[in-house]
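The next block holds one structure in the form of structure tokens; read it before the comments.
In my numbering, the protein residues as written are 168 to 422.
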């Protein structure tokens, strides 16, 4: 069975519309937005695991690199997964308060660039929308592969720079260039953007991610995270994918 066979059934237009509608709540109601994203991510990873291993994900250990304040912890714990979150920023780790996590999972303050875990120590290593925030995203990817057990899964999902959400809160002005968009945001709002281009936000392409993943020899699937299954072909078209894939998922299975 292909790694995406089960998840492909879930990747419908209705799901895409539902997720897109939640994006407008990211700033005014983060609990709603990140709760919905976390539940969808847990379902996606569970489907990928079941397709790859022909068994449920429950009871397995998942390491979430850049786990943030705990929305993902709650979703994966509800799915019966042993959750370990890694987050370098204490303000992000505590942003939502303890009520979100509710005792779910284990959290470690550390950098995803040098994970404090042994080789081959987790069943799944997940990174959701982190690679575009680090200066060396493929070092992050290499660390994810290092800590994942042979036969396990490393799932790296990131926002493509030239896609419509590449500029994050800077909106479509990132098409003017990252530095210009950052300066324009600061003039308009009176303060710098949270995701500052060049220090906490970087231009990561779909081509670069696919090239890195293919060179590892562990790539088993690549697809747009929020698109319906019938639009996944965009991933295979150079240049077009940079503008239309939006968020690329790389699924790797070390042997």
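Glycine included, C-beta positions come from ideal geometry on N, C-alpha and C.
Looking at the DSSP output, residue 231 bridges to 252, 293. Residue 413 is classed as buried because its beta carbon has at least 16 other beta carbons within 10 Å across all chains shown.
For residue 390, no alpha helix (DSSP H) segment is defined; the enclosing uninterrupted segment is the beta strand (DSSP E) at 386 to 391.
The secondary-structure analysis by DSSP pairs residue 364 across a beta bridge with 368. Shortest Cα-Cα distance from residue 320 to any of 294, 237, 327 involves 294. Under the three-state reduction of DSSP, residue 332 is assigned to coil, being neither helix nor strand. Residue 273 is not a Cβ neighbour of residue 310, given a cutoff of 8 Å. Distance check between residue 312 and each of 292, 226, 196 places 292 closest, using alpha-carbon atoms only. Across the structure, residue 317 and residue 356 are spaced so that their CA atoms are roughly 48 Å apart. With respect to the 8 Å criterion, residue 385 and residue 402 are not classified as neighbours on the basis of their beta carbons. By the Cβ neighbour-count rule, residue 222 is exposed, with fewer than 16 other Cβ atoms within 10 Å of its own.
Following the DSSP letters along the chain, one finds residue 321 in no alpha helix (DSSP H) but inside the beta strand (DSSP E) bounded by residues 315 to 326. A direct Cα-Cα distance of roughly 10 Å separates residue 296 from residue 327. The count of Cβ pairs closer than 8 Å, one atom from the segment 238 to 251 and one from the segment 339 to 359, stays below three, leaving the stretches out of contact. Assigned with DSSP and collapsed to three states, residue 416 falls in strand. Taking 8 Å as the cut-off, the beta carbon of residue 325 is found no closer than this to the beta carbon of residue 253.
As a beta-bridge residue in DSSP terms, residue 274 pairs with 252.
When C-beta atoms of the segment 328 to 336 are compared with those of the segment 210 to 226, fewer than three pairs fall below 8 Å, so the two segments do not count as touching. The beta carbons of residue 276 and residue 248 sit about 21 Å from each other, so the pair does not count as a contact at 8 Å. Using a 10 angstroms sphere on the CB of residue 421, the tally of other CB atoms reaches 16 or more, which defines it as buried. Burial state of residue 348 is buried, judged by a 10 Å Cβ sphere holding 16 or more other Cβ atoms.
Under the 10 Å beta carbon count, residue 174 is surrounded by 16 or more other beta carbons and is classified as buried.
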